[in-house]
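>
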Amino acid sequence: MARIPASYMINRLLTLFLTVFIAATLIWIIPRLSPIDPVDVMLGRMAAGGGSIENSGAILTQLRESFGLDQPLVVQYFLYIKNTLTLDFGLSTASFPTPVAQLIGQALPWTLGLMLISLIITFIIGNLLGALMVWENTPRLWKVAIPSAMVMTAIPPLLSGLLLMYVFSSQLGWFPLTGAYGLNVEPGWDAGFAGSVLYHGFLPAMSIVLVTFGFWALGMRGLMITVQGEDYSVLAKAKGLRPRYILYRYMIRNAILPQVTAFALQIGGLVAGQVLVERIFAYPGMGKLLYDAILDQDFPVIQGVSFVIILMTAIAVFLVDLVYPLIDPRIRHGRD
Amino acid sequence: MGVQGTTDRAIPGAARGPGAAPPELTARQVRRMKRFDNPWRNPKLIWGAGLLLSIVALGILGRLFWDTDLVFTGSGMPRQAPVGVENIRGQIGSWAHPLGTDVSGKDLLALLIVGAPNSLYVGVLASLIGMSTGIFLGFTAGFVGGRTDDVIRVLSDVMITIPPLLILVVFQAAYGDISLTLMALLIAAFVWQSPTRLIRAQVLSMREAGYVQMARLSGASTGHIMFREMLPNLVPYLFGSFIANVTTSIVTAVGLEVLGLGPQRIPTLGRVIYDAINSGALIQNLWWWWGIPTLLLAVMFIGLLLINLGLDEVSNPRLRRL
């Protein structure tokens, strides 16, 4: 195992910290520059909702407190940073008095699960297809079919989600329209629940896979073209190794590593895409939480969800940066 | 990586580089070959540009032949179907509203004529601003170096991690309605990073190139070296990065609109899709309502992708196939 130089580690950690810090500051500063007072907007909404509001006094106090209307700005800012870094985002105004952190805690596993599964599938399919585009023994039909399928790359997951939902849920009725598990299933660690979750997660995952595999395939194609010209590939062929063996052991193995760094740059876009897919499928993850919060003008939830997603993204990028020199010994860090 | 390593198919491609015509050809043949060898005459590039132009044409011709004021008020029965299609109430669409109407009776054709170019406008404007910022910062970082370079590098590293959609959601939730141009400006704040990184890397590698040193020795100013000597060499990369950013910007804008944010009174494709989903168009089988804007967006994105693939082939002759 290669060792990670301390300077590189510190550099990456600083970037991570700075990212989180800047994101938190932006989220804090933006509403304060706004000519609209969020508290006014919320109170207006509540009043328009009609009827008497339970706990309205408590909500007001909570709002005043969360927007810190009674303290100097600097104090407000540091309080906010302290709270945010301890993942305390205050209380939701729409489902008062549930803490925002609790709502996020319920939504996060769904988002992470969906993301991880679609990511793994995409990575495998995308890289394999990308390699097949370059490989000389690929059947002719595939060589034509794969580039045509690349057209899908152009479409954001939101649109493919709409399309899949229409065809497979609304028209054919093969998959459920919304939700993450059936209404008649009790959440728990059993086969029935797991099956229901997989069944409900299939279309959301597919709508992401369908449009993101092309990103990996294109990257892989570029890398494979380079690898194909390397001496070791030529030698392997000259030795008379089986083509399939050369493909997996000589070419893909060497080409796949830089793909991992490409991943770090892709995370942000993936997250945003998934937020929208969840909104379409009413999948109970962060995307739906965010969308509901926007509808309800639930400002603490909007801030909390945005921050947590950015935090997740930053941590993922950090991890990729750290893991990369470990899996690819050719990379020497600390020179940049 | 030499010639012996490339595929058989790539060798004729490589030999067709400019000026590589065999000497026994007549001058006319050479001219013809050169003309067809112009890398910018790439079919993907042309198709992609054509698709984008069709969106622009929809906006221009639509305004000439159709009344776009219909986007502001309902002018017909709600949820009408396109011509020849039957909606859930059994009503067949009429020519009064060739693509049907939305939930408040607004004409969908008019919404699309105004909305589609709007989406393109946001993407191009955001990307242009992001690009200009990126060119400026990238050259500055690569040329000035030192502390300036550190600051720019770290800042772009940091900002590239933050998904623009989320910051924009916070912004919108706090500010309410915004205009198209303001939305483009906000998106531009998140698309300068990749051009900055790209240009910085290129500038660093080109700084010691022979022609740059020659220019410096002949006393050319820094501005001259940057923009007259180096920038032209970066054009294919810049174009590629620009197109990729247009895509990102449109995706972000549509994402905002589908979440119910973005401009509230100006028609955009994302807004039409948002209305359709919210009015249960998917369940009521009103496919045209969300389907046609989706199709237009797909045309836009596929056009952009084709342009980008074409540009890749222009800047990297190895990818060209003949």
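If you read the sequences in order, they're chains A and B. FYI, the numbering used here numbers position 23 of the first sequence as 17, with every residue one higher than the one before it. Heads up: take any position in the second sequence, counting from 1, add 28, and you land on the numbering used here. Beta carbons are placed, not taken as given, at the ideal position from N, Cα and C, and that holds for glycine.
1. Is Asp135 of chain B helix, strand or coil by DSSP?
2. Would you kindly report the start and end of the unbroken alpha helix (DSSP H) that includes Ala139 of chain A?
3. In three-state terms, what does DSSP make of Leu127 of chain B?
4. Below 9 Å on C-beta distance, what does Asn313 of chain B contact in chain A?
5. State yes or no: is the beta carbon of Ile271 of chain B nearer than 9 Å to at least one beta carbon in chain A?
6. Exposed or buried, which one is Ala211 of chain A when buried takes at least 16 other CB atoms within 10 Å?
7. Under 8 Å: does the beta carbon of Ile250 of chain A sit that close to some heavy atom of the ligand MG?
8. Quick one: what's got a C-beta closer than 7 Å to Phe312 of chain A's C-beta in the same chain, skipping five residues either side?
9. Any idea which residues DSSP pairs Glu114 of chain B with across the strands?
10. Express the C-alpha separation of Arg175 of chain B and Tyr277 of chain A in angstroms, rounding to a whole number.
11. Between which two residues does the alpha helix (DSSP H) containing Pro319 of chain A stretch?
12. Does DSSP classify Pro25 of chain A as helix, strand or coil?
13. On the premise that Gln221 of chain B lies in contact with Tyr265 of chain B, defined as a C-beta separation below 8 Å, what is that separation, rounded to the nearest angstrom?
14. Do you know how far the Cα of Arg256 of chain B is from the Cα of Pro223 of chain B?
15. Taking the alpha helix (DSSP H) that Asp11 of chain B belongs to, which residues open and close that run?
16. For chain D, find out if any of its Cβ atoms is closer than 9 Å to the Cβ of Ala95 of chain A; answer yes or no.
17. Who are Pro93 of chain A's beta bridge partners in DSSP?
18. Assuming Phe207 of chain A is part of the alpha helix (DSSP H), what are its boundary residues?
19. Mind checking if Ile157 of chain B is an interface residue toward chain A, Cβ cutoff 9 Å exclusive?
20. Hey, out of A:Leu110, A:Ala125, A:Thr80 and A:Val299, whose CA is closest to Gln253 of chain A's CA?
21. With H, G and I counted as helix, E and B as strand and the rest as coil, what does DSSP make of Trp68 of chain B?
22. Taking its Cβ as the centre, do 16 or more other Cβ atoms sit within 10 Å of Asn178 of chain A, making it buried, or is it exposed?
23. Going by beta-carbon coordinates alone, are Gly298 of chain B and Gly308 of chain B separated by less than 9 Å?
24. Within the 9 Å Cβ cut-off, does Leu152 of chain A reach chain B?
25. Mind checking Gly213 of chain A: buried by the 16 CB within 10 Å criterion, or exposed?
26. Interface residues of chain B around Ala308 of chain A at Cβ under 9 Å?
27. Give the range of the alpha helix (DSSP H) segment to which Tyr74 of chain A is assigned.
28. Reducing DSSP to helix, strand and coil, say where Ile39 of chain B ends up.
29. If we cut at 9 Å on Cβ distances, does Val265 of chain A have a partner in chain B?
30. For Ala49 of chain B, decide whether its Cβ has a neighbour in chain A, counting only Cβ atoms nearer than 9 Å.
31. What runs of the alpha helix (DSSP H), each 4 residues or longer, lie entirely inside the stretch 212 to 279 of chain B?
32. Could you give the distance in angstroms between the alpha-carbon of Pro181 of chain A and the alpha-carbon of Gln268 of chain A?
33. Consult DSSP for Gly174 of chain B and reduce its assignment to one of helix, strand or coil.
34. Report the residue from B:Phe167, B:Ser249 and B:Ala144 whose alpha carbon sits nearest the alpha carbon of Leu89 of chain B.
35. Residues in the same chain with beta-carbon distance under 6 Å from Gly151 of chain B, minus the five sequence neighbours each way, listed in chain order, please.
36. Candidates A:Phe257, A:Leu305 and A:Tyr318: which alpha carbon is nearest Phe117 of chain A's?
Looking at the coordinates:
1. If you number the second sequence from 1, residue 135 of chain B lands on position 107. Strand, per DSSP.
2. Within the first sequence, numbered from 1, the residue matching residue 139 of chain A stands at position 145. Segment Arg134 to Ala143, the alpha helix (DSSP H) holding Ala139 of chain A.
3. Position 99 of the second sequence, counted from the start, is the residue given in the question as residue 127 of chain B. In the structure shown, Leu127 of chain B sits in coil (DSSP, three-state: anything other than H, G, I, E or B).
4. For the purposes of this step, residue 313 of chain B is taken as residue 285 along the second sequence, with counting starting at 1. Here the neighbours are Tyr160, Ser164 and Gln165.
5. Indexing the second sequence from 1 puts residue 271 of chain B at position 243. Not flagged as an interface residue toward chain A: Ile271 of chain B, since no C-beta distance is shorter than 9 Å.
6. One-based indexing of the first sequence puts residue 211 of chain A at position 217. Flag for Ala211 of chain A reads buried.
7. This structure does not include the ligand MG; it has no bound ligands of any sort.
8. In the first sequence, counting from the first residue as 1, residue 312 of chain A sits at position 318. Counting only Cβ-Cβ distances below 7 Å, and skipping sequence neighbours, we find Arg6 and Leu10.
9. In the second sequence, residue 114 of chain B corresponds to position 86, counting from 1. Bridge partners of Glu114 of chain B: B:Ile120.
10. Here residue 277 of chain A refers to the residue found at position 283 of the first sequence. Here residue 175 of chain B refers to the residue found at position 147 of the second sequence. Going from the Cα of Tyr277 of chain A to the Cα of Arg175 of chain B covers about 46 Å.
11. Translated into positions along the first sequence, residue 319 of chain A becomes position 325. Run containing Pro319 of chain A: Phe293 to Ile321, per the alpha helix (DSSP H) assignment.
12. Indexing the first sequence from 1 puts residue 25 of chain A at position 31. Three-state DSSP puts Pro25 of chain A in a helix.
13. As a working note, residue 265 of chain B is residue 237 in the second sequence. As a working note, residue 221 of chain B is residue 193 in the second sequence. Rounded, the Cβ-Cβ distance is 15 Å, inconsistent with contact.
14. What you label residue 223 of chain B is simply residue 195 of the second sequence in a count that begins at 1. What you label residue 256 of chain B is simply residue 228 of the second sequence in a count that begins at 1. Straight-line Cα distance between these residues: approximately 19 Å.
15. Past the edges of chain B, shown from 29 to 350, lies residue 11 of chain B, and the structure says nothing about it.
16. The structure shown contains no chain D; its protein chains are A and B.
17. Looking up residue 93 of chain A in the first sequence gives position 99. Pro93 of chain A is bridged to A:Leu85.
18. Counting from one through the first sequence, the residue named residue 207 of chain A turns up at place 213. Start and end: Ala185 to Gln222.
19. By one-based count along the second sequence, residue 157 of chain B stands at place 129. No, Ile157 of chain B does not count as interfacial toward chain A.
20. As a working note, residue 253 of chain A is residue 259 in the first sequence. Among A:Leu110, A:Ala125, A:Thr80 and A:Val299, the Cα nearest to that of Gln253 of chain A is on A:Ala125.
21. To locate residue 68 of chain B, count along the second sequence from 1; it is residue 40. Three-state result, Trp68 of chain B: coil.
22. If you number the first sequence from 1, residue 178 of chain A lands on position 184. Exposed, by the Cβ-count rule.
23. As a working note, residue 298 of chain B is residue 270 in the second sequence. As a working note, residue 308 of chain B is residue 280 in the second sequence. For Gly298 of chain B and Gly308 of chain B, no; Cβs fall outside 9 Å.
24. Against the first sequence, residue 152 of chain A aligns to sequence position 158. Yes, Leu152 of chain A lies at the interface with chain B (some Cβ there is under 9 Å from its Cβ).
25. Here residue 213 of chain A is taken as the residue at index 219 of the first sequence, counted from 1. So Gly213 of chain A counts as buried.
26. As a position in the first sequence, residue 308 of chain A is number 314, starting the count at 1. Chain B residues near Ala308 of chain A: Val186, Thr189 and Ile190.
27. In the first sequence, residue 74 of chain A corresponds to position 80, counting from 1. Segment Leu67 to Leu79, the alpha helix (DSSP H) holding Tyr74 of chain A.
28. The residue given as residue 39 of chain B occupies position 11 in the second sequence. Bear in mind that the predicted position of Ile39 of chain B carries a pLDDT of just 39, short of 50, making it unreliable; the figure below should be weighed with that in mind. Ile39 of chain B falls in the helix class under three-state DSSP.
29. For the purposes of this step, residue 265 of chain A is taken as residue 271 along the first sequence, with counting starting at 1. Closer than 9 Å: yes.
30. Taking the second sequence and counting its residues from 1, the one referred to as residue 49 of chain B is at position 21. Note that Ala49 of chain B scores 49 on pLDDT, short of 50, meaning its location in the model is unreliable and no value can be drawn from it.
31. 221 to 234 and 238 to 245
32. To locate residue 181 of chain A, count along the first sequence from 1; it is residue 187. To locate residue 268 of chain A, count along the first sequence from 1; it is residue 274. If you take the alpha carbons of Pro181 of chain A and Gln268 of chain A, they lie about 23 Å apart.
33. In the second sequence, counting from the first residue as 1, residue 174 of chain B sits at position 146. Helix.
34. Reading the second sequence from its first residue, position 61 is the one you call residue 89 of chain B. For Leu89 of chain B, the nearest C-alpha among the options comes from B:Ala144.
35. Along the second sequence, one-based indexing puts residue 151 of chain B at 123. Only Val274, Ser277 and Ile278 meet the Cβ criterion.
36. As a position in the first sequence, residue 117 of chain A is number 123, starting the count at 1. The alpha carbon of Phe117 of chain A has as its nearest neighbour, out of A:Phe257, A:Leu305 and A:Tyr318, the alpha carbon of A:Phe257.
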